[in-house]
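Remarks on the structure that follows.
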């Protein structure tokens, strides 16, 4: 079901991104950044935690996430320009800063997950009679 939300997310993201980046509207830019962070989260979920949806498309998903990150950085640059040029209310400033923080957190989570090597996780340790303990590795997913 989650994969069917991607076209809707992308459509809304493009709509708010166009008007937010074209006119510098505060609510459009903040919705664009929030939708970008949700899109990055969904694509990261498919990349790292789903083995049966798109197993052969790992490089395509990585490129798609990188493209969304680049678009989000462009939105953040536009937000900084809006913060400097337009007088904003406290709520608008808070909304923009929370959108920026959400994009930065999701992007850093993706980069950490992408750059860390795969780890072996251990289910439990088993001690044979009179021998050295050894670990039983969990099946990798």
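Residue numbers (the working numbering): 1162 to 1302. All C-beta atoms in this analysis are idealised placements derived from N, C-alpha and C, irrespective of residue type, glycine included.
Exercise for the section: For chain C, find out if any of its Cβ atoms is closer than 9 Å to the Cβ of residue 1265; answer yes or no. Expected result: In summary, chain C is missing from the structure at hand, where a single protein chain is found.
Handout entry: Inter-residue Cα distance where the pair is residue 1207 and residue 1162
Key = Spanning the alpha carbons of residue 1207 and residue 1162 requires a straight line of approximately 12 Å.
Practice task
Answer yes if the segment 1236-1250 comes into contact with the segment 1180-1200, meaning at least three C-beta pairs across the two stretches below 8 Å, and no otherwise.
Solution key: By the Cβ rule, the segment 1180-1200 counts as touching the segment 1236-1250, because three or more pairs are nearer than 8 Å.
Practice task
Tell whether a beta-carbon distance below 9 Å holds between residue 1190 and residue 1226.
Solution key: No. Outside cutoff.
Handout entry: Within the segment 1178-1214, ranges of the alpha helix (DSSP H) (whole runs, at least 4 residues)
Key = If you keep only unbroken alpha helix (DSSP H) runs of at least 4 residues inside the segment 1178-1214, you get 1187-1209.
Practice task
Classify residue 1217 as helix, strand or coil using the three-state DSSP reduction.
Solution key: Secondary structure of residue 1217 (DSSP, three-state): coil.
Exercise for the section: Tell whether a beta-carbon distance below 9 Å holds between residue 1204 and residue 1177. Expected result: No, they are not a contact pair.
Exercise for the section: With a threshold of 16 other CB atoms inside 10 Å of the CB of residue 1241, please say whether the residue is buried or exposed. Expected result: By the 10 Å Cβ count, residue 1241 comes out exposed.
Exercise for the section: Indicate whether residue 1222 and residue 1199 have their beta-carbon atoms separated by less than 9 Å. Expected result: With contacts defined by Cβ atoms closer than 9 Å, residue 1222 and residue 1199 do not form a contacting pair.
Practice task
Please work out which residues of its chain come closer than 6 Å, Cβ to Cβ, to residue 1257, disregarding the five sequence neighbours upstream and downstream, and give them in chain order.
Solution key: Excluding positions up to five away in sequence, the list reads 1191 and 1240.
Problem - Close beta carbons around residue 1236, own chain, < 8 Å, minus the five adjacent residues each side - result: Within its own chain, the residues whose Cβ lies closer than 8 Å to the Cβ of residue 1236, once the five positions on either side in sequence are excluded, are 1178, 1181, 1182, 1190, 1193, 1194, 1197 and 1264, listed in chain order.
Practice task
Within the same chain, show all residues whose beta-carbon is closer than 7 Å to that of residue 1210, passing over the 5 residues directly before and after it, in chain order.
Solution key: Within the same chain, residue 1210 has no close Cβ partners at all.
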